[in-house]
Amino acid sequence: MSRYPAATLLVLFCFSFISLAWAGDAALHGHNLPWGKGIEEFSNLVLIKTAGGISFYHNPDPSTDYDLTPGIKSSRIAYAFKNDKLFARIDEIETVDDFIKILDQMVELFGEPKEKMEGKIHIVSWVTEKLKIKLKFNKDNMSMKMGMYYMPLAEKDFDINILIREILKLPSR
């Protein structure tokens, strides 16, 4: 038995919270998506468009994409790089069931989201220390998307909606 049981318990208690926080980030990042890393680390991506200082890529081999969450594959994924560093990922979500699974996972990890309506689009969002996460559900055409944005690369006047509009113009796989 330890000579310092209170100190040992305190260390174990603190470590458990650090581990939980790290596990939550890993799940959100699509299994440790390397936010802020240079484009040179992504040999499998293909440039499809550049607009507003942001380069958009897709992966021609979707089997090597980072899963959005375990068991859910996106129909179309766009990776956005700002100054050649991974800045955003936008996923089209195929089914309402998958949308609900993702929403449930985000609520479990980050608590209740902020919610708002923009016309017929229902938006739920979270802000972490480094990421802004948005889930969008368009009631008119039943389209669903999830966007994750690495905010250390964003400018103060950054408008995520401009980025999303550019991504929506990208060709499908």
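Under the working numbering, the residue at position 143 of the sequence shown is numbered 519, and the numbers go up by one with no gaps.
Glycine included, each C-beta is placed from N, C-alpha and C at the ideal position.
Being a predicted model, the structure only gives us computed values, none of them experimental.
Residue burial classification, residue i (beta-carbon count within 10 angstroms, cutoff 16)
i    : result
L511 : buried
D474 : buried
S419 : exposed
K515 : exposed
G523 : buried
V500 : buried
I453 : buried
I466 : buried
As assigned by DSSP and simplified to three states, the class of residue i
i    : result
A530 : coil
L421 : coil
W398 : In this prediction, W398 has a pLDDT of 35, which is less than 50 and means its spatial position is unreliable; nothing more can be read from the coordinates.
First and last residue of the uninterrupted beta strand (DSSP E) at residue i
i    : result
S493 : Note that residue 493 is Met in the sequence shown, not Ser. M493 -> beta strand (DSSP E) spans 490-494.
F513 : 507-514
F432 : 430-434
E468 : 461-469
W502 : 497-503
F457 : 452-458
Member of the options whose CA lies at the smallest distance from the CA of residue i
i    : options                : result
I424 : P436, E505, E416       : P436
K492 : R465, K506, W502, E484 : W502
P489 : I497, G495, L479, K496 : L479
I497 : F432, S519, E484       : S519
D460 : K477, E505, E417, G495 : E417
Y455 : P410, E494, G495, F513 : P410
G495 : N517, L507, L485       : N517
I476 : T426, L507, F513       : F513
L421 : V472, G428, F432       : F432
Anticipated Cβ contact below 8 Å, residue i with residue j, distance rounded
i    : j    : result
M482 : I509 : 6 Å
F463 : I430 : 7 Å
K521 : E468 : 6 Å
L529 : K458 : 5 Å
Residue i, enclosing alpha helix (DSSP H) - first and last residue
i    : result
D474 : 472-486
beta-carbon residue i near the ligand MN non-hydrogen atom, thresh 7 Å
i    : result
Y433 : With respect to the ligand MN, the structure shown offers nothing to examine, as it has no ligands at all.
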